[in-house]
Amino acid sequence: MDEGKGIKIIVSVVITAVLLVISGFWFFEKIDNGNVGIEYSMSGGVKNKALSQGVHWVGLDKVTQYPIKTQTIKQKIALASSDGKKTDVEVNYSYHVDPTKATDVYKKFGNVDVESIEKGWLNQQLTAAGRKSMSKYTLLEVVGTDSTKVQSDLLKEFQNRAASQGFIVEDLSFGTPSLDHQTKKSIDDIIKAGQDNKKAELEAKTRQTKAEAAAKAKLTKADAEAKANEKISKSITQKVIDNKTADARLKHGWVTTQAGSAIVDK
Numbered sequence: 167m168d169e170g171k172g173i174k175i176i177v178s179v180v181i182t183a184v185l186l187v188i189s190g191f192w193f194f195e196k197i198d199n200g201n202v203g204i205e206y207s208m209s210g211g212v213k214n215k216a217l218s219q220g221v222h223w224v225g226l227d228k229v230t231q232y233p234i235k236t237q238t239i240k241q242k243i244a245l246a247s248s249d250g251k252k253t254d255v256e257v258n259y260s261y262h263v264d265p266t267k268a269t270d271v272y273k274k275f276g277n278v279d280v281e282s283i284e285k286g287w288l289n290q291q292l293t294a295a296g297r298k299s300m301s302k303y304t305l306l307e308v309v310g311t312d313s314t315k316v317q318s319d320l321l322k323e324f325q326n327r328a329a330s331q332g333f334i335v336e337d338l339s340f341g342t343p344s345l346d347h348q349t350k351k352s353i354d355d356i357i358k359a360g361q362d363n364k365k366a367e368l369e370a371k372t373r374q375t376k377a378e379a380a381a382k383a384k385l386t387k388a389d390a391e392a393k394a395n396e397k398i399s400k401s402i403t404q405k406v407i408d409n410k411t412a413d414a415r416l417k418h419g420w421v422t423t424q425a426g427s428a429i430v431d432k
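The opening residue of the sequence shown carries number 167 in this note's numbering; numbering runs sequentially from there.
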């Protein structure tokens with residue numbers, strides 16, 4: 167083999183390798199962790215099945231990576247309670263795109279990024295869910311006794327609305343609603359009155375408990391004394407009396423007294 171032919175072979179191998187590398191970048195697509203690939207074919211449009219993470223042969227199709235990892239969002243929404251009180255509530259929630267519906271999400275929203283969807287469509291659904299949930303409760307119930315129920319209702323309503331379009335809401339929590347001065351004072355007065363009632367009930371219960379304990383102690387003492395007296399009474403027989411009398415006469419002697427015509431020994 168002459169030197170010229172050898173050089174040609176080497177050049178051919180290098181060119182082939184370069185073409186393979188280029189074709190690899192061109193015809194293969196690597197889907198990153200936390201994403202799926204939305205595959206678009208020039209002949210058939212968006213394909214129904216999204217590509218999972220890893221390397222895929224896509225040929226001439228265009229692929230858009232779409233995030234499905236959990237996103238945590240903080241938003242403030244304006245709501246109104248059943249008693250007509252308007253308030254702003256800060257809501258925190260976590261969600262992710264359902265991987266099996268990622269292509270449907272893409273078809274609906276197109277190339278819009280998830281941040282825009284969060285500020286737009288998802289925010290609209292959260293607000294609608296919040297208004298429906300809050301309309302069942304007074305503002306006092308929202309900030310007090312039924313806050314857990316309100317949060318649970320809001321989560322379920324928001325989950326149902328979001329899931330219909332391929333978004334999975336994982337959890338949700340909301341902060342204390344903002345209150346104007348007059349409403350805050352009214353709620354504080356109601357809470358204080360409730361606390362005073364609880365305190366009065368506790369004090370009354372304490373007094374009752376102490377009285378019951380004292381009465382029980384007296385009853386126990388009286389019962390013990392009665393049992394002791396009964397025991398002593400049963401132990402005093404005629405024989406015991408005679409013995410005690412005999413012991414006294416031996417110690418002190420006999421005492422004779424005149425009682426009328428009778429003489430009594432003592």
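Just so you know, even glycine gets a beta-carbon here, dropped at the ideal spot from N, CA and C.
Note that the structure is a prediction, hence the values are computed from the model and not measured.
{"query": "Taking 8 Å as the cut-off, decide whether the C-beta atoms of residue 332 and residue 270 are in contact.", "result": "yes"}
{"query": "Which class does residue 265 belong to by DSSP, given the choice of helix, strand or coil?", "result": "helix"}
{"query": "Starting from residue 320 and walking both ways along the alpha helix (DSSP H), at which residues does that stretch end?", "result": "313 to 329"}
{"query": "Any idea if residue 384 is buried or exposed, counting beta-carbon neighbours within 10 angstroms, 16 or more meaning buried?", "result": "exposed"}
{"query": "Taking only three categories from DSSP, how would you classify residue 146?", "result": "Lying outside 167 to 432, the shown extent of the chain, residue 146 is not represented and no answer is given."}
{"query": "Within 8 Å, do at least three Cβ pairs link the stretch 240 to 255 to the stretch 291 to 308?", "result": "yes"}
{"query": "Excluding five sequence neighbours on each side, which residues of the same chain lie with their C-beta closer than 6 Å to the C-beta of residue 230?", "result": "204"}
{"query": "Select from 325, 286 and 307 the residue whose C-alpha is nearest the C-alpha of residue 343.", "result": "307"}
{"query": "With a Cβ-Cβ cutoff of 8 Å, do residue 257 and residue 234 count as a contact?", "result": "no"}
{"query": "Assuming residue 212 and residue 252 form a contact by the criterion Cβ under 8 Å, report the distance between their Cβ atoms to the nearest whole angstrom.", "result": "Contact flag wrong, Cβ pair sits at about 43 Å."}
{"query": "Taking the alpha carbon of residue 199 as the point to measure from, which residue in 254, 206, 220 and 240 has its own alpha carbon closest?", "result": "220"}
{"query": "Can you tell me whether residue 289 is helix, strand or coil according to DSSP?", "result": "helix"}
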